[in-house]
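Going down the list, the protein sequences come from chains Z and Y.
Residue numbers for the first sequence follow this note's numbering, so the first one is 341 and each next one is one higher.
Residue numbers for the second sequence follow this note's numbering, so the first one is 341 and each next one is one higher.
A virtual CB, placed ideally from N, CA and C, is assigned to each residue, including glycine.
All values reported here derive from a predicted model rather than from experimental measurement.
Data first, discussion second: the structure below is written as structure tokens.
Number of protein chains: 2
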Amino acid sequence: MSNIVAPAHSHVEPLNLPQDVIKALSIDNLVFGLDNDELKILLVKQTDPMHQGKWALPGGWIRYDENLRDAAYRLLEELTGVKQLYLEQLKTFGRVDRFPTERVVTIAYYALVSAEHYSLVAGQSAADVSWQRINALPDLIYDHAEIIAHGMKFLRHQVRHQPIGFNLLPEKFTLLQLQALYEAILDTKLDKPNFRRKIMKMNLLTPCNEKQQGVPHRAANLYRFDSDAYQHLSESGFSFEI
Amino acid sequence: MSNIVAPAHSHVEPLNLPQDVIKALSIDNLVFGLDNDELKILLVKQTDPMHQGKWALPGGWIRYDENLRDAAYRLLEELTGVKQLYLEQLKTFGRVDRFPTERVVTIAYYALVSAEHYSLVAGQSAADVSWQRINALPDLIYDHAEIIAHGMKFLRHQVRHQPIGFNLLPEKFTLLQLQALYEAILDTKLDKPNFRRKIMKMNLLTPCNEKQQGVPHRAANLYRFDSDAYQHLSESGFSFEI
DNA sequence: TATCTTGTGGTCAATGGGACAATAAGATAT
DNA sequence: ATATCTTATTGTCCCATTGACCACAAGATA
């Protein structure tokens with residue numbers, strides 16, 4: 341146990357482990373993004389011979405003196421350059437046989453990023469990192485498919501009970517964009533006027549007093565999610581439900 | 341890191357660690373129980389000099405070849421003798437300084453047990469294990485107070501969205517018992533007729549065709565939670581909401 | 001000016017929830 | 001036996017919310 345080989349994993353520097361890591365503990369990040377009303381997830385292509393052609397969640401080892409969430413932020417930032425995400429612990433996966441050479445327990449975190457951040461990511465590590473359609477995932481290493489499945493299930497649940505969907509949109513968005521997001525994640529059709537009313541009645545959106553630009557039809561109003569208002573409301577017993 | 345001392349923790353056998361444990365990874369169990377319409381949690385009194393008089397969540401080390409949930413079951417069973425619980429992963433806690441001597445990450449699981457199991461627990465380890473009122477907790481070691489606080493928040497949320505409250509009741513229960521449970525956990529008052537209707541409309545309870553025994557007033561009908569029906573309904577898109 | 005697309009507001013019936021009154025069924029006290 | 005107490009259970013009314021659908025408005029394009 342004291343002399344394990346560095347396992348194939350989606351590191352930035354896969355082989356040079358620092359001395360003081362907790363070797364048995366890793367982080368895996370599920371980064372969801374919305375692209376043309378389709379949900380995608382950020383994956384890393386494996387280059388080592390063992391996992392040629394397979395993909396993995398962006399993750400890596402937790403440092404010995406590093407808080408869990410900090411590790412998740414660091415690893416994600418190393419891969420995407422994005423800060424200030426909605427980043428939350430998902431679940432810890434530790435099946436005895438999930439890792440071939442050694443017992444490794446991984447803590448999964450998930451993040452939702454807006455389409456705006458796409459370019460930042462793409463510019464970083466060239467072809468190694470890319471967005472993959474959640475409905476047509478490539479081959480994944482270890483139990484990463486299982487982790488993603490759990491993450492999707494969790495996301496579908498969360499998005500209905502917490503106002504987290506906004507994180508997938510740009511800061512200013514239209515009501516139809518928001519609706520399309522829910523339709524993509526929940527895989528349903530929603531009635532436009534009714535959806536609009538439901539959302540607006542919550543008093544969580546502040547109008548930007550701006551209109552959409554460059555659309556070949558009537559421009560919609562832009563709104564911004566008011567997290568202070570949500571904070572305030574949820575302290576008064578309000579609970580977000582879609 | 342290779343030679344850490346066995347830290348004070350709520351083990352059945354605190355000092356004899358097997359050779360092959362992952363020393364940095366532990367489990368802590370939050371076992372909630374309902375006693376006279378009051379929510380309680382199972383705690384273990386610390387006996388070592390370091391933590392004299394303090395209490396801890398029942399937990400311990402994960403074995404090297406043991407799945408996480410299995411470890412949680414094992415540790416819980418060693419302390420309480422209870423099997424077949426609703427046992428679910430809660431969250432992983434790993435603040436760098438949560439443990440004084442070493443970096444230790446702990447995976448918290450939670451379980452809900454019915455009042456029926458009380459005696460089983462009490463007979464096991466005498467005075468070392470006892471139920472503590474959630475609203476008047478004693479001094480706890482490490483970050484266990486924080487873990488419990490998170491567990492309570494989670495429980496309050498879960499109990500409204502998943503039919504898990506039934507696990508706190510005996511197999512056969514009255515509607516008023518169920519209502520009292522929700523009132524205890526959510527700390528609210530509910531209208532009896534309305535609560536009754538709401539629950540019954542879900543079609544999740546099967547009447548036992550039996551009545552309460554030994555009450556000094558009109559006896560209520562007993563019901564039993566129909567988990568098959570719930571399984572069936574939730575596949576059809578039904579979602580439990582209180 | 002016509003027409004197309006999407007945004008935005010309105011209506012109406014059905015549903016569901018909260019407040020509360022009323023009645024039923026037992027148990028106990030006199 | 002009767003009154004009285006406690007809890008169980010049913011009923012009813014009102015209002016908020018939901019869903020289905022219609023209609024109009026605002027731009028953009030032909």
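In the segment 402-414 of chain Z, which residues sit with their C-beta less than 8 Å from some C-beta in chain Y, listed in chain order? Ile402, Tyr404, Asp405, Glu406, Asn407, Leu408
Which residue's Cα is closest to the Cα of Leu573/Y: Thr514/Y, Gln502/Y, Ala524/Y, Gln517/Y? Walking along the second sequence from the start, residue 573/Y turns up at place 233. The shortest C-alpha separation from Leu573/Y is found at Gln502/Y.
Which value, in whole angstroms, describes the spacing of the CA atoms of Arg409/Y and Leu370/Y? In the second sequence, residue 409/Y corresponds to position 69, counting from 1. In the second sequence, residue 370/Y corresponds to position 30, counting from 1. Roughly 13 Å separates the two Cα atoms.
Can you look up Ser574/Z in the DSSP assignment and give me helix, strand or coil? Numbered from 1 along the first sequence, position 234 holds the residue referred to as residue 574/Z. DSSP places Ser574/Z in the helix class (H, G or I) of the three-state scheme.
Indicate whether Leu495/Z and Phe372/Z have their beta-carbon atoms separated by less than 8 Å. Position 155 of the first sequence, counted from the start, is the residue given in the question as residue 495/Z. Position 32 of the first sequence, counted from the start, is the residue given in the question as residue 372/Z. Taking 8 Å as the Cβ cut-off, Leu495/Z and Phe372/Z qualify as a contacting pair.
Look at the alpha carbon of Phe535/Z and the alpha carbon of Lys532/Y, and state the distance between them as a whole number of angstroms. The residue given as residue 535/Z occupies position 195 in the first sequence. The residue given as residue 532/Y occupies position 192 in the second sequence. Rounded to whole angstroms, Phe535/Z to Lys532/Y spans 33 Å at the Cα level.
Helix, strand or coil: which one does DSSP assign to Leu585/Z? This structure leaves residue 585/Z out entirely; chain Z is present only between 341 and 582.
Can you check which of these residues, Leu477/Z, Ala451/Z, His484/Z, Asn407/Z, is closest to Leu508/Z by C-alpha distance? In the first sequence, residue 508/Z corresponds to position 168, counting from 1. Checked all of Leu477/Z, Ala451/Z, His484/Z, Asn407/Z; the closest Cα to Leu508/Z is Ala451/Z.
Neighbour flag for Gln571/Z against chain Y, beta carbons, 8 Å: Against the first sequence, residue 571/Z aligns to sequence position 231. It does not; no Cβ of chain Y falls within 8 Å.
Below 8 Å on the Cβ atoms is my guess for Asp441/Y versus Ser366/Y; work out the distance and round it to an integer in Å. The residue you call residue 441/Y lines up with position 101 of the second sequence. The residue you call residue 366/Y lines up with position 26 of the second sequence. Checking the sequence, you will find Thr at residue 441/Y rather than Asp. With a Cβ gap of about 13 Å, Thr441/Y and Ser366/Y do not count as contacting.
Gln429/Z - containing beta strand (DSSP E), residue span: What you label residue 429/Z is simply residue 89 of the first sequence in a count that begins at 1. Its beta strand (DSSP E) spans residues 426-433.
Hey, could you find the ends of the alpha helix (DSSP H) Tyr522/Z is sitting in? Mapped onto the first sequence, residue 522/Z falls at position 182. Per DSSP, Tyr522/Z is one residue of the alpha helix (DSSP H) stretching across 515-526.
Determine, using beta carbons only, whether Leu501/Z comes closer than 8 Å to chain Y. For the purposes of this step, residue 501/Z is taken as residue 161 along the first sequence, with counting starting at 1. A quick correction: the sequence has His, not Leu, at residue 501/Z. At least one CB of chain Y lies nearer than 8 Å to the CB of His501/Z.
Return the residues of the segment 497-527 of chain Y that lie within a Cβ-Cβ distance of less than 9 Å from chain Z, sorted by chain order. His497, Arg500, His501
Within 8 Å of any Cβ in chain Z, is that where the Cβ of Thr446/Y sits? Taking the first residue of the second sequence as 1, we reach residue 446/Y at position 106. Chain Z, which has no Cβ nearer than 8 Å to the Cβ of Thr446/Y, makes this no.
Consult DSSP for Val499/Z and reduce its assignment to one of helix, strand or coil. Translated into the one-based positions of the first sequence, residue 499/Z becomes position 159. In the three-state reduction of the DSSP assignment, Val499/Z falls in the helix class.
Among the residues of its own chain, which have a CB less than 6 Å from the CB of Glu353/Y, if the five just before and after it don't count? Here residue 353/Y is taken as the residue at index 13 of the second sequence, counted from 1. Reliability of the predicted coordinates at Glu353/Y is poor, the pLDDT of 35 falling under 50, and the value obtained from them is presented with this limitation in mind. Once the five neighbours on either side are set aside, Glu353/Y has no close Cβ partner at all.
Show which residues of chain Y have a CB atom less than 7 Å away from the CB atom of Lys431/Z. Taking the first residue of the first sequence as position 1, residue 431/Z is located at position 91. Chain Y residues near Lys431/Z: Gln429.
Along chain Y, in chain order, which residues have C-beta atoms closer than 7 Å to that of Leu425/Z? On the first sequence, position 85 is the one that residue 425/Z refers to. Within 7 Å Cβ-Cβ: nothing; Leu425/Z doesn't reach chain Y, min ~19 Å.
Rounding to the nearest angstrom, what Cα-Cα distance links Met390/Z and Ile481/Z in this structure? The residue you call residue 390/Z lines up with position 50 of the first sequence. The residue you call residue 481/Z lines up with position 141 of the first sequence. Rounded to whole angstroms, Met390/Z to Ile481/Z spans 10 Å at the Cα level.
Tell me which residues share the same chain as Glu523/Y and place their Cβ nearer than 8 Å to its Cβ, disregarding the 5 neighbours each side in the sequence. For the purposes of this step, residue 523/Y is taken as the residue at position 183 of the second sequence. Correct list, in chain order: Asp377, Lys529, Leu530.
At the level of alpha carbons, what is the spacing between Gln392/Z and Gln386/Z? Here the question's residue 392/Z lines up with position 52 in the first sequence. Here the question's residue 386/Z lines up with position 46 in the first sequence. Distance from the CA of Gln392/Z to the CA of Gln386/Z, rounded to the nearest whole angstrom, comes to 6 Å.
Name the chain Y residues that come within less than 8 Å of Arg537/Z, Cβ to Cβ? By one-based count along the first sequence, residue 537/Z stands at place 197. In chain order: nothing, as chain Y lies at least about 20 Å away.
Sub-8 Å separation of Glu550/Y and Lys512/Y beta-carbons: What you label residue 550/Y is simply residue 210 of the second sequence in a count that begins at 1. What you label residue 512/Y is simply residue 172 of the second sequence in a count that begins at 1. Yes, Cβ-Cβ distance for Glu550/Y and Lys512/Y is below 8 Å.
Is Pro510/Z closer than 8 Å to Ser454/Z when the C-beta atoms are compared? Here residue 454/Z corresponds to residue number 114 of the first sequence, with the count starting at 1. Here residue 510/Z corresponds to residue number 170 of the first sequence, with the count starting at 1. Yes. Within cutoff.
Under 8 Å from the C-beta of Arg443/Y: neighbouring residues of chain Z: Here residue 443/Y refers to the residue found at position 103 of the second sequence. Simply Ile362, Tyr404, Asp405.
Let me make sure I understand the geometry here. Which of Pro478/Z, Lys423/Z, Asp468/Z, Ile402/Z has the alpha-carbon closest to that of Ala448/Z? For the purposes of this step, residue 448/Z is taken as the residue at position 108 of the first sequence. That would be Ile402/Z, whose Cα lies nearest to the Cα of Ala448/Z.
Residues in its own chain within less than 7 Å of Glu417/Z by CB, not counting five upstream and five downstream? As a position in the first sequence, residue 417/Z is number 77, starting the count at 1. So the list reads Lys423, once near-sequence residues are dropped.
Cβ of Lys431/Y versus every heavy atom of the ligand NAP: is any distance shorter than 7 Å? Ligands displayed in this structure: none; no statement on the ligand NAP is therefore possible.
Count the other CB atoms within 10 Å of the CB of Gly554/Y; is the residue buried (16 or more) or exposed (fewer)? Numbered from its first residue, the second sequence carries residue 554/Y at position 214. That one is exposed.
Going by C-alpha distance, which of Thr432/Z, Ala412/Z, Leu419/Z is nearest Tyr426/Z? For this step, residue 426/Z is matched to residue 86 along the first sequence. Taking only the C-alpha atoms, the option nearest Tyr426/Z is Ala412/Z.
Excluding the 5 residues preceding and the 5 following Gly505/Z in the sequence, name in chain order all residues of the same chain whose CB lies nearer than 6 Å to its CB. Translated into the one-based positions of the first sequence, residue 505/Z becomes position 165. Result list for Gly505/Z: Val499, Leu521, in chain order.
To the nearest angstrom, report how far apart Ile582/Y and His490/Z are at their CA atoms. As a working mapping, residue 582/Y is identified with position 242 in the second sequence. As a working mapping, residue 490/Z is identified with position 150 in the first sequence. Distance between the alpha carbons of Ile582/Y and His490/Z: 24 Å.
Hey, does Leu562/Z have any beta-carbon neighbour from chain Y nearer than 8 Å? As a working note, residue 562/Z is residue 222 in the first sequence. Output row for Leu562/Z: interface = no.
Using a Cβ cut-off of 8 Å (strictly closer), state whether Arg558/Y contacts chain Z. In the second sequence, the residue the question calls residue 558/Y occupies position 218. Using a Cβ-Cβ cut-off of 8 Å, Arg558/Y does not count as an interface residue toward chain Z, since no Cβ of chain Z sits closer than that to its own.
Arg473/Y versus Ile381/Y - alpha carbon distance: As a first step, residue 473/Y must be located in the second sequence, where it is residue number 133. As a first step, residue 381/Y must be located in the second sequence, where it is residue number 41. When rounded, the distance between both Cα atoms is 7 Å.
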